[in-house]
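J.:
There are 2 protein chains.
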Amino acid sequence: MFTIRFLPSGKSIKIDRPISILEAARLAGVQLDSLCGGRQRCGKCKVILKGHLPPLSPPDDVERKLLGDRLISEGYRLACNTIAQGSLAVLVPEQSRSKAQIILTSTQQLPPPNSLRPPLFVYAVSVPSPTISDPVADRERLISALEKEHGLRRLHTDPYVVRDIPHVLRSKQGPVRVLVRGATEVVGLTEEREDGPYGVAIDVGTTTVVAYLVDLLKARILSTKSSMNPQIPYGDDIITRISFCQQTEGGLQKLHSSLISCANSLITEACNDIGISHEEVMEVSVVGNTAMHHFFLGINPQFLSFAPYAPAISSAQEYKARDVGLKVAPSGYVYFLPVKAGFVGSDAVACVLSTRLHRSRLRSLVIDIGTNGEIAMGDKNRIMCCSTAAGPAFEGGHIKWGMRAASGAINQVRIDPTTLEVGLKTIHNRPPIGICGSGLISAVAELIRTGCILQRGNFNHSIKSSRLRDGEDGDEFVLSWKDENPTGHDIVITQKDIAELQMAKGAIRAGISIMMESFGPEIRRIYLAGAGGNFIDSFDAQLIDLIPSPPNCQIIACGNAAGHGACLALVDMKKRREAQRIAGSMEYIELASSTRFQDLFVSHMFFSKAIDS
Amino acid sequence: MFTIRFLPSGKSIKIDRPISILEAARLAGVQLDSLCGGRQRCGKCKVILKGHLPPLSPPDDVERKLLGDRLISEGYRLACNTIAQGSLAVLVPEQSRSKAQIILTSTQQLPPPNSLRPPLFVYAVSVPSPTISDPVADRERLISALEKEHGLRRLHTDPYVVRDIPHVLRSKQGPVRVLVRGATEVVGLTEEREDGPYGVAIDVGTTTVVAYLVDLLKARILSTKSSMNPQIPYGDDIITRISFCQQTEGGLQKLHSSLISCANSLITEACNDIGISHEEVMEVSVVGNTAMHHFFLGINPQFLSFAPYAPAISSAQEYKARDVGLKVAPSGYVYFLPVKAGFVGSDAVACVLSTRLHRSRLRSLVIDIGTNGEIAMGDKNRIMCCSTAAGPAFEGGHIKWGMRAASGAINQVRIDPTTLEVGLKTIHNRPPIGICGSGLISAVAELIRTGCILQRGNFNHSIKSSRLRDGEDGDEFVLSWKDENPTGHDIVITQKDIAELQMAKGAIRAGISIMMESFGPEIRRIYLAGAGGNFIDSFDAQLIDLIPSPPNCQIIACGNAAGHGACLALVDMKKRREAQRIAGSMEYIELASSTRFQDLFVSHMFFSKAIDS
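Residue numbers (our numbering), protein chains in the order written: chain A, 1 to 613; chain B, 1 to 613.
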């Protein structure tokens with residue numbers, strides 16, 4: 001038995017077996033960042049071990065590469081790769097602590113409640129007591145009172161609700177409040193209270209999972225929680241996870257249950273936020289790409305990985321939440337928005353729903369910027385959609401100093417064209433500890449403006465500045481000197497980071513070009529969606545050629561439109577029908593087998609607005 | 001660590017803690033009889049311990065009373081009351097081995113399949129493969145094929161079935177066989193085969209649980225399994241179990257889950273019988289008295305125990321079987337027949353359904369002879385019903401040599417009026433090891449005919465015979481001498497046994513009288529129902545005044561009519577509607593608060609056809 005103690009929090013844990021520092025941190029409740037889930041790939045879980053140390057697994061080549069010789073000489077280790085066998089103290093530096101992601105919801109208000117048709121209503125009824133001459137059953141008295149007072153006929157009752165009826169009818173003075181769903185089923189008996197019933201909308205991304213807790217009748221978002229997708233240890237992208245699922249005994253079950261646990265944790269966190277029980281959540285809506293949709297439902301998505309990429313199911317589904325393992329009200333429902341195709345999921349449908357493309361007179365474009373970049377273009381007459389594998393760069397993955405859009409993330413960069421001095425903006429104005437997706441776009445745009453990056457993406461060696469230097473991973477540009485930030489290190493953008501961005505934006509931009517070749521060049525509105533969409537500067541996005549620059553075009557950062565669409569479908573049954581119509585009528589373009597897409601992808605990897613090399 | 005070895009089976013088990021012989025027998029898989037569930041009450045779990053013995057808990061007063069000095073001197077112990085702490089061998093005598101109960105089904109054929117509307121149908125469909133130009137989802141292709149080929153519209157799909165669709169569509173050559181329930185929901189994809197889908201009808205009695213495995217489309221009973229109700233350790237009767245439930249933390253959960261486990265075991269046993277998996281059972285129907293109905297559903301039946309005895313729910317319910325914990329096909333359904341009142345359950349409704357009282361021109365009477373004696377009387381114009389607490393005597397409970405209707409149970413007795421010599425018939429013509437309900441009725445009837453029992457139920461001391469003697473529990477009559485049976489003991493009927501029978505038959509007979517006072521004395525048919533109903537001789541039943549003797553009345557032993565009614569509702573949706581109509585229209589007579597019933601009960605405890613004392 002030995003003790004691992006984490007500083008500065010002082011939390012510690014007693015252990016009786018060799019254990020990685022990352023696992024020990026989790027057990028001790030210490031928030032330690034990890035994008036790759038402990039697979040020695042992201043290099044985010046840096047910790048400092050100093051002083052007299054017990055026997056430890058030595059750093060291997062992978063760790064040496066991720067940390068670099070200097071950090072190793074300073075006592076840095078990757079928590080995931082360091083197996084402790086004796087007591088020690090671990091210092092968790094500021095940049096390794098995981099932060100709450102910022103999901104802007106301010107621009108995502110829901111419509112006024114009186115315009116909505118919510119999935120359930122609350123009815124107050126007076127239920128007479130049974131008598132010896134007429135000992136009618138409790139449920140039957142409740143049901144006939146609902147029919148008599150509110151005209152509700154042929155109501156079903158969930159078996160879990162039936163268990164509650166006898167004592168609720170006898171413990172209440174006066175009328176009973178009954179939750180009726182869709183005018184067909186009694187799903188709950190509630191306390192007399194002002195707020196609720198509640199619902200949760202869940203947006204399941206390949207990299208990030210976000211949950212919105214909503215007051216169903218007031219149509220107000222009350223709390224937003226997010227976390228990394230716990231499937232990341234099984235693969236960064238969808239295809240890797242599908243292979244894992246096929247090659248590993250019980251793989252599907254692992255991927256399914258990790259996602260469900262994650263959803264349940266987020267629901268509980270959000271409920272704790274406003275002081276309610278998860279059993280007060282009566283309705284859940286879920287959006288995600290098709291693979292996430294299938295994993296969430298426990299369906300093996302194996303046939304998504306080869307032609308013709310047919311999903312197992314595409315229409316919207318409504319199930320009891322308990323049937324997929326969600327821990328909400330036992331009688332609650334979960335609604336899955338429809339998916340379009342193997343690689344255009346319900347998240348894309350929800351983006352259209354949120355941005356109202358299907359009702360717009362103006363030709364519009366919606367881009368969901370995430371690990372899977374879904375794109376939809378069109379207007380009320382016709383919508384086309386496609387999906388591109390952008391990779392995790394926009395969510396901080398595969399980027400040396402990358403992080404999610406959380407406190408301390410650099411999200412805007414200005415570079416003086418003369419002096420190359422750097423001005424930074426960070427989320428919550430905290431000292432910088434890393435770079436989020438919008439920060440990366442902003443930095444690269446500024447480096448292009450100042451001539452530091454050339455068309456092919458390489459650094460311009462003719463520029464002389466102490467910031468532009470030869471680093472451990474090749475050329476790099478220093479955004480923040482180590483004495484300007486709490487990490488103790490220079491925060492840099494490397495040549496490799498730029499290449500990751502080029503791949504990501506090239507894929508999305510090529511998808512847009514394919515659309516424009518079908519529709520013509522006119523676009524009147526571009527919606528930038530995605531968890532980080534709100535932070536992206538439209539000029540920067542156009543400068544790096546992530547999006548086109550058509551004339552008379554308005555660019556709108558609309559935040560997490562997929563999540564917002566899930567919220568709309570959560571509170572309004574009319575939106576659910578619209579979602580089904582959108583999924584049915586959108587035209588899907590398959591890019592996986594398109595050589596035209598491949599050509600466009602290669603050409604859009606360059607920065608056409610940069611100076612030529 | 002020590003070993004307990006059971007003879008004659010030779011099964012043994014290693015144990016590392018003090019343990020009762022009864023528990024050890026269960027762990028070793030040795031069938032040891034126990035009506036009371038190990039509460040030192042029934043005295044059925046007699047075992048013999050001989051030779052050099054390790055330290056054992058000594059017999060206490062209760063055990064001494066149940067066994068008697070002679071048995072104790074012969075090395076007998078009650079397995080439930082004997083705690084072993086070291087290795088020993090335990091001889092299980094023939095009469096202590098639990099036997100499979102005989103549930104006659106020969107007279108309970110189901111109607112011809114072409115007259116039924118089964119809950120589900122099998123459809124064969126050819127589902128086209130997806131193509132790259134039209135990659136429609138698997139479920140959607142299946143659903144449109146079902147619509148195109150069979151006109152089935154708006155089909156739902158169970159989430160568990162959706163998980164199977166992708167590989168079934170791709171692994172099958174030719175058409176897929178689809179199970180569609182109620183023309184609204186796809187509940188399964190099956191192999192090409194001649195038999196099935198299957199269903200199970202469950203009759204939950206206070207003392208006995210019976211399950212019938214049925215081919216749903218052929219309407220044939222394929223296997224019948226029964227067991228003691230596992231709730232018995234928590235109380236012999238309903239009221240005791242309800243008190244347990246109220247007084248014990250987690251009591252409801254215990255009573256609920258023990259019943260569900262029991263049902264699941266019976267389902268699995270029946271499936272093993274015919275070599276199918278329990279996952280091929282698509283539909284379950286359940287009947288039981290109202291308390292059992294509530295326990296099965298996980299509803300606290302606390303309000304059944306006091307006026308006005310209102311049930312929590314009375315109408316028929318259809319749930320996913322998984323929602324009550326039944327282990328059948330994951331998408332399967334369970335249908336609960338409607339209950340009438342707090343003490344007239346769905347078993348009574350099922351008895352009416354089975355005997356067709358509600359369609360009969362002739363005034364008829366149905367008596368369900370069990371721990372709760374339900375009685376219905378009437379014809380197609382009007383039916384009345386009531387319920388009486390008969391106690392477990394008819395099922396072998398509280399009777400010294402009582403046992404269920406299983407192999408070796410004495411079920412018919414003839415006594416020579418001159419010599420008092422006894423002739424016995426046993427189930428399966430096996431050597432006698434105990435007395436079942438019909439045997440008890442037959443024996444008492446013969447003892448009345450021969451003048452051995454007087455009107456008040458006491459033995460006639462003026463008769464001199466070695467069979468009529470003073471036993472350990474007072475007067476007793478020897479049915480089988482110890483050298484005529486394998487138990488090693490005289491099998492007797494005691495004065496106390498007769499008193500138990502008087503209570504049981506008095507309650508039922510009083511209920512019948514109450515009915516006749518409303519309807520008039522005319523009865524043209526009497527149905528004797530109950531697990532042992534088939535064995536009861538109608539003359540014996542009339543002689544002991546269990547049932548009346550109206551003129552021109554046909555008496556029909558109809559076996560387990562409640563179970564048969566459950567089978568009918570299982571295979572025929574029309575019967576489910578009839579059941580709901582029966583429950584709605586039957587008139588219920590509350591006996592619990594009736595002083596008239598109390599008076600009748602006392603007078604019917606006597607044997608009016610016996611000679612006066």
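Positions of the beta carbon are idealized from the N, C-alpha and C atoms, including for glycine. Just so we're clear, the structure is a prediction, and the values are computed from it rather than from any experiment.
What separation, rounded to the nearest whole angstrom, lies between the Cα atoms of Gln542 (chain A) and Asp490 (chain A)?
T.: So the alpha carbons of these two residues sit roughly 28 Å apart.
J.: For Pro118 (chain B), return the contacting residues in chain A, with the cut-off set at a CB-CB distance below 8 Å.
T.: Those within 8 Å of Pro118 (chain B) in chain A number zero; the least Cβ separation is about 22 Å.
J.: Could you tell me how far apart the beta carbons of Leu88 (chain A) and Leu53 (chain A) are, in whole angstroms, since I believe they sit closer than 8 Å?
T.: Contact holds; Cβ gap of about 6 Å.
J.: Would you list, in chain order, the members of the stretch 288-311 of chain B that have their beta-carbon closer than 8 Å to a beta-carbon of chain A?
T.: For the stretch 288-311 of chain B, which is checked against every Cβ of chain A, the residues closer than 8 Å are Leu297, Gly298, Ile299, Asn300, Gln302, Phe303, Ala307, Pro308, Tyr309, Ala310, Pro311.
J.: Roughly how many angstroms lie between the CA atoms of Ser593 (chain A) and Gln302 (chain A), to the nearest whole one?
T.: Answer to the nearest angstrom: the Cα atoms are 18 Å apart.
J.: Pull up the CB-CB distance for Ile267 (chain B) and Val328 (chain B), whole angstroms please, since I reckon it's below 8 Å.
T.: Contact holds; Cβ gap of about 6 Å.
J.: Run through the stretch 472-532 of chain A for me and flag every whole beta strand (DSSP E) of 3 or more residues, listed as ranges in chain order.
T.: Entirely contained in the stretch 472-532 of chain A, the beta strand (DSSP E) runs reaching 3 residues are, in chain order, 474-480, 491-494, 525-529.
J.: Which full runs of the beta strand (DSSP E) of 3+ residues lie inside the stretch 60-102 of chain B, going along the chain?
T.: You should have 76-78, 88-91.
J.: Can the beta-carbon of Ile626 (chain B) be found closer than 9 Å to that of Cys567 (chain B)?
T.: Residue 626 (chain B) cannot be examined here, being either before or after the span of chain B that is shown, 1 to 613.
J.: Would you tell me roughly how many angstroms separate the C-alpha atoms of Gly188 (chain A) and Arg322 (chain B), rounded to the nearest one?
T.: Gly188 (chain A) and Arg322 (chain B): Cα-Cα distance of roughly 20 Å.
J.: Find the nearest neighbour of Ser314 (chain A) within the set B:Gly584, B:Lys11, B:Val162, B:Arg509, judged by alpha-carbon distance.
T.: Among B:Gly584, B:Lys11, B:Val162, B:Arg509, the Cα nearest to that of Ser314 (chain A) belongs to B:Val162.
J.: Which runs of the alpha helix (DSSP H), 4 residues or longer, sit entirely within the stretch 279-350 of chain B?
T.: Qualifying alpha helix (DSSP H) stretches, in chain order: 290-297.
J.: Is it true that the CB of Arg581 (chain B) sits closer than 9 Å to the CB of Leu362 (chain B)?
T.: No, Cβ-Cβ distance for Leu362 (chain B) and Arg581 (chain B) is not below 9 Å.
J.: From the DSSP output, in three-state form, read off Asp33 (chain A) for me.
T.: Asp33 (chain A) falls in the coil class under three-state DSSP.
J.: Please name the residue, chosen from B:Gly471, B:Arg430, B:Gly439, B:Asp475, that lies closest to Cys452 (chain B) on a Cα-to-Cα basis.
T.: The residue with the shortest Cα to Cα distance from Cys452 (chain B) is B:Asp475.
J.: What does Arg281 (chain B) touch in chain A if you count any residue whose Cβ is under 9 Å from its own?
T.: The amino acid at residue 281 (chain B) is misidentified as Arg; the sequence shows Val. Those do not exist, as Val281 (chain B) stays about 19 Å from chain A at its closest Cβ, beyond 9 Å.
J.: Can you confirm whether Arg322 (chain B), when its beta carbon is compared against all beta carbons of chain A, has any partner nearer than 9 Å?
T.: Yes, Arg322 (chain B) lies at the interface with chain A (some Cβ there is under 9 Å from its Cβ).
J.: Kindly indicate which three-state DSSP category Phe594 (chain A) falls into: helix, strand or coil?
T.: It is Ser, not Phe, that sits at residue 594 (chain A) in the sequence shown. Here Ser594 (chain A) sits in coil by DSSP.
J.: Along chain B, which residues have their Cβ under 9 Å away from the Cβ of Gly342 (chain A)?
T.: Result: Pro135, Ala137.
J.: By alpha-carbon positions, which one of A:Ser442, A:Lys225, A:Ala84 ends up nearest to Ser57 (chain A)?
T.: Measuring from the Cα of Ser57 (chain A), the nearest candidate turns out to be A:Ala84.
J.: Report the neighbours of Pro130 (chain A) on chain B: residues whose CB is nearer than 8 Å to its CB, in chain order.
T.: Ordered by position in chain B, the residues that pass the 8 Å Cβ test against Pro130 (chain A) are Pro308, Ala310.
J.: Under a three-way DSSP split, which group does Met586 (chain A) fall into?
T.: In the structure shown, Met586 (chain A) sits in coil (DSSP, three-state: anything other than H, G, I, E or B).
J.: Threshold first: 3 residues or longer. Then list the beta strand (DSSP E) segments lying entirely within the stretch 175-253 of chain A, N to C.
T.: Listed in chain order, the complete beta strand (DSSP E) runs (minimum 3 residues) inside the stretch 175-253 of chain A are 176-181, 185-190, 198-204, 208-215, 220-228.
J.: How is the beta strand (DSSP E) around Glu374 (chain A) delimited, first residue to last?
T.: It spans 372-378 - the beta strand (DSSP E) in which Glu374 (chain A) sits, taken as one unbroken run.
J.: Using a Cβ-Cβ distance under 9 Å, would Thr157 (chain A) count as near chain C?
T.: The structure shown contains no chain C; its protein chains are A and B.
J.: Classify Leu468 (chain B) as helix, strand or coil using the three-state DSSP reduction.
T.: Reduced to three states, the DSSP call for Leu468 (chain B) is strand.
J.: For Cys271 (chain A), which three-state DSSP category applies?
T.: Residue state, collapsed to three classes: helix.
J.: Anything in chain A within Cβ reach of Met185 (chain B), meaning under 7 Å, just list it in chain order.
T.: Reading off the sequence shown, one finds Glu at residue 185 (chain B), where the question assumed Met. Ordered by position in chain A, no residue passes the 7 Å Cβ test against Glu185 (chain B), which lies about 12 Å from the chain.
J.: Closer than 9 Å, Cβ to any Cβ of chain A: which residues of the stretch 582-593 of chain B, in chain order?
T.: Under the 9 Å Cβ criterion, the stretch 582-593 of chain B contributes Tyr588, Glu590, Ser593.
J.: Taking the DSSP output, what are the residues bridged to Asp134 (chain B)?
T.: Partner(s): B:Thr131.
J.: My output table needs one value for Met573 (chain B): the three-state DSSP class, helix, strand or coil.
T.: In the structure shown, Met573 (chain B) sits in a helix (DSSP, three-state: H, G or I).
J.: Going by the CB atoms, is the gap between Phe336 (chain B) and Gly370 (chain B) shorter than 9 Å?
T.: No, Cβ-Cβ distance for Gly370 (chain B) and Phe336 (chain B) is not below 9 Å.
J.: Compare the C-beta of Glu140 (chain A) with all C-beta atoms of chain B and state if any pair is closer than 9 Å.
T.: Taking Cβ atoms only, chain B reaches closer than 9 Å to Glu140 (chain A), which makes this a yes.
J.: Does Tyr527 (chain B) get closer than 9 Å to chain A when you measure Cβ to Cβ?
T.: Answer no: the Cβ-Cβ gap between Tyr527 (chain B) and chain A never drops below 9 Å.
J.: Taking Gly275 (chain A) as the reference, which of A:Leu110, A:Asn289, A:Asp195 has the closest Cα?
T.: Comparing Cα-Cα distances from Gly275 (chain A) to each of A:Leu110, A:Asn289, A:Asp195, the minimum goes to A:Asp195.
J.: Less than 9 Å between the beta carbons of Pro55 (chain A) and Leu67 (chain A), yes or no?
T.: No, the pair does not count as a contact, with Cβ atoms beyond the cut-off.
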